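Visitor: For the sequence shown, position 117 matches number 854 in this note's numbering, and the numbering has no gaps at all.
Think of the CB as a built atom: it goes at the ideal place given N, C-alpha and C, for glycine as much as any other residue.
Small disclaimer: the values here were computed from a predicted structure and weren't measured.
The following block contains the structure, expressed as structure tokens.
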Amino acid sequence: MIESCVHTHTTFCDGQHTPEEMLNAACDLGLKCIGFSGHSYVDIDDFGIKPHNLGYYISEIDRLKKLHANRIDVMCGIELDSFSTPSIVDKPFDYIIASAHAVMDKFKTYHIIDGSVDSFADAAKHGFEGDFSALCRAYYEQLAIFVCKINPDIVGHFDLITKFNRDNRFFDEDGVKYKTSALDALDAVLSTDAVIEVNTGGINRGYRISPYPADFLLRRILDKKGKVIITTDAHSVEHLTANVTFAEELLKNIGFKTVCELSRDGFYERLI
């Protein structure tokens, strides 16, 4: 059972519950720490925290941090999108999750890759001449550059590009081209100090049957002595700890001995 839940979304962005509702549910579940990681604002979609609300978001989490200090550790984070304004990292966040929800084509046009099946197919059609291998390569190259540039605390849903690719609907995840793109990017990411999240959000919302990232990527992380943290990408109280036992068993079967947890004192490792 996880001790910290640090990838969560609230009504400040695209979540269903307020920070306080999420916090109370986390306490009921026996968690030691809840981290709020609202989406940063991007001007190509409306899922992020609006710029005029960012200060209120930070102050509200700070209020909860002080109010509930004796109940649970409360952390104020941000899920920083690769196409957000870089200056947001100067804000007083406790931690940063670096994620990519879009990819840029050679015409400098942005394409959301996790919005819907149709929009994902359109991204390949209009941005990459129907070549899903090129789309995946661009996604991973851009994600790796972003992570290496900002050196975040956590890297979010590393292979989100596979969200709508169940049963290899659009591209072959076992193919050499895809695996090379993914592994090259992962190796670059592992050269930073970032912890890689094992994210059950795709399972919780019915898109996947396994967490992000895929097993072959988890094995590379283990081989390279990288660190992982189990997250649920919870957009509601019901998903705060959804499928975490499944993720932990998967990691144990691959060979991991520990996972990272987060507290007000920073990261620590827990035996699994």
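Using 9 Å as the threshold, is the C-beta distance between G939 and H744 below it?
Guide: In the sequence shown, counting from the first residue as 1, residue 939 sits at position 202. In the sequence shown, counting from the first residue as 1, residue 744 sits at position 7. Going by C-beta atoms, G939 is not nearer than 9 Å to H744.
Visitor: So, L987 versus S947, is the Cβ gap smaller than 9 Å?
Guide: In the sequence shown, counting from the first residue as 1, residue 987 sits at position 250. In the sequence shown, counting from the first residue as 1, residue 947 sits at position 210. Closer than 9 Å, so yes.
Visitor: How many Å lie between S796 and N990 at the Cα?
Guide: Position 59 of the sequence shown, counting from 1, holds the residue named residue 796. Position 253 of the sequence shown, counting from 1, holds the residue named residue 990. S796 and N990: Cα-Cα distance of roughly 41 Å.
Visitor: My assumption, with CB atoms under 8 Å, is that T969 sits in contact with C742. Please give the rounded CB distance.
Guide: Numbered from 1 along the sequence shown, position 232 holds the residue referred to as residue 969. Numbered from 1 along the sequence shown, position 5 holds the residue referred to as residue 742. Right, their Cβ atoms sit about 6 Å apart.
Visitor: List, from N- to C-terminal side, the beta strand (DSSP E) runs of 3 residues or more that fit wholly inside the stretch 842-922.
Guide: Complete beta strand (DSSP E) runs here, min 3: 847-849.
Visitor: Within its chain, find whatever has a CB closer than 7 Å to the CB of L766; leave out the 5 residues flanking it on each side and keep chain order.
Guide: Here residue 766 refers to the residue found at position 29 when the sequence shown is read from its first residue. Contacts found: L977, T978.
Visitor: Go ahead and label F820 buried or exposed: buried means 16 or more other beta carbons lie within 10 angstroms of its beta carbon, across all protein chains shown.
Guide: For the purposes of this step, residue 820 is identified with residue 83 of the sequence shown, where counting begins at 1. Burial call: buried.
Visitor: Please report the straight-line C-alpha distance between L817 and A835, rounded to a whole angstrom.
Guide: On the sequence shown, residue 817 is found 80 positions in, with the first residue counted as 1. On the sequence shown, residue 835 is found 98 positions in, with the first residue counted as 1. Whole-angstrom Cα-Cα distance: 5 Å.
Visitor: Answer yes or no: the CB of D799 versus the heavy atoms of the ligand MG, is any distance below 8 Å?
Guide: In the structure shown, the ligand MG is absent, as is every other ligand, since no ligand is present at all.
Visitor: Relative to the C-alpha of F883, which candidate in T822, K964, G775, Y793 has its C-alpha closest?
Guide: Your numbering for residue 883 matches position 146 in the sequence shown. Checked all of T822, K964, G775, Y793; the closest Cα to F883 is T822.
Visitor: Looking only at DSSP bridge pairs, what is E934 linked to?
Guide: Mapped onto the sequence shown, residue 934 falls at position 197. Answer by DSSP bridge pairing, in chain order: I966.
Visitor: Keeping to the same chain, check which residues put their C-beta closer than 6 Å to that of G785; ignore five residues upstream and five downstream.
Guide: Translated into positions along the sequence shown, residue 785 becomes position 48. C750, H776, S777, Y778, V779.
Visitor: Touching or not, the stretch 996-1008 and the stretch 952-961, by the rule of three or more beta carbon pairs under 8 Å?
Guide: No, because fewer than three Cβ pairs between the stretch 996-1008 and the stretch 952-961 fall closer than 8 Å, the two stretches do not touch.
Visitor: Take Y876 as the anchor and find which of D890, I887, D851 has the nearest alpha-carbon.
Guide: By one-based count along the sequence shown, residue 876 stands at place 139. Ranking D890, I887, D851 by Cα distance to Y876 puts D851 first.
Visitor: The beta strand (DSSP E) that contains E816, what's its start and end?
Guide: Start at 1 with the first residue of the sequence shown, and residue 816 comes out as number 79. Per DSSP, E816 belongs to the beta strand (DSSP E) from 810-818.
Visitor: In terms of residue numbering, what span does the alpha helix (DSSP H) encompassing T982 cover?
Guide: In the sequence shown, residue 982 corresponds to position 245, counting from 1. Residues 981-991.
Visitor: Please state if the CB of E740 and the CB of K787 are separated by a distance shorter than 9 Å.
Guide: Sequence index remark: in the sequence shown, residue 787 carries index 50 (1-based). Sequence index remark: in the sequence shown, residue 740 carries index 3 (1-based). The answer is no: Cβ separation not under 9 Å.
Visitor: Rounding to the nearest angstrom, what Cα-Cα distance links C764 and S774 in this structure?
Guide: Taking the sequence shown and counting its residues from 1, the one referred to as residue 764 is at position 27. Taking the sequence shown and counting its residues from 1, the one referred to as residue 774 is at position 37. When rounded, the distance between both Cα atoms is 18 Å.
Visitor: Thinking C-alpha only, which one of I966, Y944, N980, I771 is nearest V854?
Guide: Locating residue 854 in the sequence shown gives position 117, where the first residue counts as 1. It is Y944.
Visitor: Based on the DSSP secondary-structure assignment, which residues constitute the bridge partners of H754?
Guide: Mapped onto the sequence shown, residue 754 falls at position 17. According to DSSP, H754 bridges with nothing at all.
Visitor: Suppose the cutoff is 6 Å on Cβ atoms and the five residues either side in sequence are ignored; what does the same chain contact list for T748 look like?
Guide: Within the sequence shown, numbered from 1, the residue matching residue 748 stands at position 11. Once the five neighbours on either side are set aside, the close Cβ partners of T748 are T755.
Visitor: Please say whether A839 and D782 have beta carbons closer to each other than 9 Å?
Guide: Locating residue 782 in the sequence shown gives position 45, where the first residue counts as 1. Locating residue 839 in the sequence shown gives position 102, where the first residue counts as 1. Yes. Within cutoff.
Visitor: Cβ atoms of F953 and K916: under 9 Å apart, would you say?
Guide: Mapped onto the sequence shown, residue 916 falls at position 179. Mapped onto the sequence shown, residue 953 falls at position 216. Going by C-beta atoms, K916 is nearer than 9 Å to F953.
Visitor: Does DSSP put S824 in a helix, in a strand, or in coil?
Guide: Translated into positions along the sequence shown, residue 824 becomes position 87. Correct three-state label for S824: helix.
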